[in-house]
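Below you'll find the structure, written out as structure tokens, and then a few comments.
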Amino acid sequence: MCRRPQTLGSAAQRSDLVLEAIVENLKIKQDIFHQLDKVAPEHTIFASNTSSLPITDIASTTSRLDRFGGLHFFNPVPMMKLVEVVATSATSKETFDSLLNFSKVLGKTPVSCKDTPGFIVNRLLVPYLVEAVRLHERGHGSKEDVDIAMKLGAGHPMGPFELADYVGLDTIKFIIDGWSAKDPSNPLFAPIEMLNKLVAEGKLGKKTGEGFYKYK
């Protein structure tokens, strides 16, 4: 028996929670939620899986700011237990508690976050990855030595260059560029020449076969 495909509107009309996980583009996310806001029941909670965009900005095109939050899952989702549950200044306690409970029902471990750049994980992780690239650019260590140092000295399972290739260099650049646009005077978010060059050449990491390292 084949199910008839659902439209965006028809699916939202019967949902208590709508979770978006599309391309990291603010305008596209805003447009999607603006459409959904017109057809979803008043009680329906909206959530975004964004890893870097402000939840407040995404929610701004809807009329349910109190019923809007973030649910940031980590790849690969079936294996990674963590979910960052993000509350804006307008998110109601009832909405936030519902998102926490939903995460637990999925067998995940939720952590509470405020709507700040990068939430918790990426706010710590991305500057770490970027500083590794800057260290290498300054000639203070080869990428191989930096990776070995962080694995053996800090107990990390992957070095920063290996991890950057796994995450995707385009993803890292997108996050840094977004933060820089919001806070251009912050030196942590300044452009990184080596990263920008690799992305411009299409060398995005493991997914393209080459980034900081080459992959067969």
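For the sequence shown, position 195 (counting from the first letter as 1) is numbered 198 according to the working numbering, and the numbering increases by one without interruption. A virtual CB, placed ideally from N, CA and C, is assigned to each residue, including glycine.
- Note that the segment 55 to 73 touches the segment 17 to 36; at least 3 beta-carbon pairs, one per stretch, sit closer than 8 Å.
- Here the segment 160 to 172 lies against the segment 196 to 213, with 3 or more beta-carbon pairs under 8 Å apart.
- In this structure, leucine 132 and leucine 166 form a Cβ contact; the two beta carbons are roughly 6 Å apart against a cut-off of 8 Å.
- Serine 66 and glycine 110 have their C-alpha atoms roughly 31 Å apart.
- With a 10 Å radius around the Cβ and a threshold of 16 neighbouring Cβ atoms, histidine 46 comes out exposed.
- Counted as a single uninterrupted DSSP element, the beta strand (DSSP E) harbouring phenylalanine 76 occupies residues 71 to 76.
- Listed in chain order, the non-local C-beta contacts of phenylalanine 77 below 6 Å within the same chain comprise Met83 and Leu85, local neighbours out to five positions each way being set aside.
- Remark: C-beta atoms of alanine 62 and threonine 91 approach each other more closely than 8 Å.
- Separation of the CB atoms of proline 120 and leucine 191 is rounded to 10 Å, and the pair is thereby denied contact status at 8 Å.
- Assignment of alpha helix (DSSP H) within the segment 113 to 199, counting only whole runs of 4 or more residues, yields 124 to 140, 146 to 156, 163 to 170 and 172 to 185 in chain order.
- Taking C-beta atoms as the reference points, leucine 39 and leucine 11 count as a pair closer than 8 Å.
- Taking a C-beta distance under 8 Å as the contact criterion, phenylalanine 122 and aspartate 168 do not qualify as a contact pair.
- In the DSSP secondary-structure assignment, leucine 20 is bridged to Ile48.
- Each residue's CA atom was taken as its position, placing alanine 152 and phenylalanine 36 some 44 Å apart.
- By a beta-carbon distance limit of 8 Å, valine 88 contacts valine 114. Their separation comes to about 7 Å.
- By the neighbour-count criterion, in which a residue is buried when 16 or more other Cβ atoms sit within 10 angstroms of its Cβ, leucine 155 is exposed.
- In this chain, the alpha helix (DSSP H) harbouring alanine 15 covers 11 to 15.
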